[in-house]
Structure formats: C-alpha cells, structure tokens
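Asker:
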Amino acid sequence: MGGCVAMIPNLFPVALVFGCMSLAGIPVRISAVLTASAALGIAVDDTLHFFTWVKRSIDSGHDRQGAVREAFHRCAPAMFQTTLINGVGMLVYAFTLFLPTRLFASLMFSLLAAALVGDLIFLPALLVGPFGRFLRHNLVQPRRRAA
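In this text, residue positions in the sequence shown follow our numbering: the first is 138, and each later residue adds one.
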C-alpha cells in the first residue's frame, strides 16, 4: 500500500500534462509517452531521495512531521537544482525548427516542472497527512545488525 501512496506525486505530472494536452486537442502519441517515462524516472529519483532523508530523520528520533520537515530542508534545494538544470537544458531545444525535438523539449520541461511540484508539495503533504500512516511501517522498521 505504501508504494501506491508514494506513486501519487510521481503520477501527478503525467496526469496533469497529458490532461492539458487532451484539453488543448494535442494528440498523445508514443513519443509523448516515451518522454513521460524519462521524466518519471527523474521524479522517482527525487522521491527516493526524499524518502531516504525521511527515514534517516525518523531513525534519529524525529516524529513523522519533523522527519518530513527535515527531509524537505535537506532535499528541496537539490531537487530544485536538478529540475532547473535539466529543465533549462531541455528548454533550449524548445526553440529549434525541428518539430519533434521542439515538442520533446517542451513536453519534458513541462513534465519536470510538474514533477517538482508533486515532489515538493504533494509528497510532504501525503507523508504528514493520513496517507503517511501507510508508510510508517516501512520507514520505522528497525535495522538488522550484522552478527
């Protein structure tokens, strides 16, 4: 159940961007789906970093809310910088005359920006809120020590 809760912020960018594409009448083609899978990889990586810091904070004695706050302070700058570097790097290609590259870059930038919102706003809110209790067992499991 915890894995399903953890995927909510990572599925948000795909749902948002593809939903906007659908509303705008832009067809969702295989190239868009492949672009989404690349952006999803970056979003999941950020989520795993966040979970790692939450677990470290819980192991050091913080409650769930304190652990999420600590993880946010530790991870948010790196997550923002990663998105900024990758997003601006992609945005450069959004001005090319070659249509497939322009669409890929625009879509990737949009997905990365939405993924950042999901990871910095929805993920902490989910962990602090009622859904966070589904993750508690996995986050608080005692470490096994080597004999």
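C-beta atoms are modelled at their ideal positions from N, C-alpha and C, and glycine is treated no differently.
With a floor of 4 residues, list each alpha helix (DSSP H) that falls wholly inside the segment 174-247, ordered by position along the chain.
Answerer: Fully enclosed alpha helix (DSSP H) runs of 4 or longer: 201-228.
Asker: Alpha carbon to alpha carbon, how far is P237 from D196? Give it in angstroms, no decimals.
Answerer: One C-alpha to the other measures close to 47 angstroms.
Asker: Contact between the segment 248-266 and the segment 144-151: three or more CB pairs below 8 angstroms?
Answerer: With the cut-off at 8 angstroms, the segment 248-266 and the segment 144-151 touch.
Asker: Within the continuous alpha helix (DSSP H) that includes P261, where are the two ends?
Answerer: Residues L260 to V265.
Asker: Out of G178, D183, F155 and L160, which one is the CA nearest neighbour of I91?
Answerer: There is no way to answer for residue 91, as the model of the chain reaches only from 138 to 284.
Asker: If I measure Cβ to Cβ from F259 and keep anything under 7 angstroms in the same chain, skipping five residues before and after, which residues do I get?
Answerer: These residues qualify, in order along the chain: I145, P146 and F149.
Asker: Anyone know if the C-beta pair for A246 and V142 falls short of 7 angstroms?
Answerer: Checking the sequence, you will find Phe at residue 246 rather than Ala. In this structure, V142 does not lie closer than 7 angstroms to F246 by Cβ.
Asker: How about V191 and A208: do their beta carbons lie closer than 7 angstroms?
Answerer: Closer than 7 angstroms, so yes.
Asker: Name the residue from A175, G178, A231 and F235 whose alpha carbon lies nearest to the alpha carbon of A242.
Answerer: Comparing Cα positions, the closest option is A231.
Asker: Please list, in chain order, all residues of the same chain as T233 whose beta carbon is under 7 angstroms from its beta carbon, the five residues on each side excluded.
Answerer: Counting only Cβ-Cβ distances below 7 angstroms, and skipping sequence neighbours, we find R239.
Asker: How close, in whole Å, do the beta carbons of V205 and P261 come, if the pair is a contact with beta carbons under 8 angstroms?
Answerer: Sure, about 5 angstroms apart at Cβ, within 8 angstroms.
Asker: Taking only three categories from DSSP, how would you classify I145?
Answerer: Note: I145 maps to helix in three-state DSSP.
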